[in-house]
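Structure record follows, encoded as structure tokens.
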Amino acid sequence: MCGREVAEGDVDAITGHVPGGAPERASGTGAKRFYKGRWYYFCSLECRLTFMATPDEFIEGTAPAP
């Protein structure tokens, strides 16, 4: 979305576990979204939400610049 580089390993890194045992990830390391059979990585939750609003426009390169 914004053009920032995102390290996929940082987004997937587990930083702890919630009381029920589910893995917990640091919110400041980025976000990801599975869409049409592929993972997309983002620098922030805000960029992920922007992508989710009109994902096909971003994939096709027709979305307006942020």
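Quick note: my numbering has the sequence shown finishing at residue 68, numbered continuously throughout.
C-beta: ideal position from N, C-alpha, C; glycine also.
Remember, it's a predicted structure, so these values are computed and weren't measured experimentally.
| Asked | Found |
| --- | --- |
| Determine the direct distance from the alpha carbon of threonine 64 to that of proline 21, and round the result to whole angstroms. | 43 Å |
| My output table needs one value for threonine 64: the three-state DSSP class, helix, strand or coil. | coil |
| Could you check where the alpha helix (DSSP H) with arginine 50 kicks off and where it finishes? | 47–55 |
| Quick check on the DSSP output: what are the complete beta strand (DSSP E) runs of length 3 or more inside the segment 8–39, in order along the chain? | 16–19, 25–27 and 33–37 |
| Cα-Cα, which of Lys38, Asp12 and Lys34 is closest to aspartate 58? | Lys38 |
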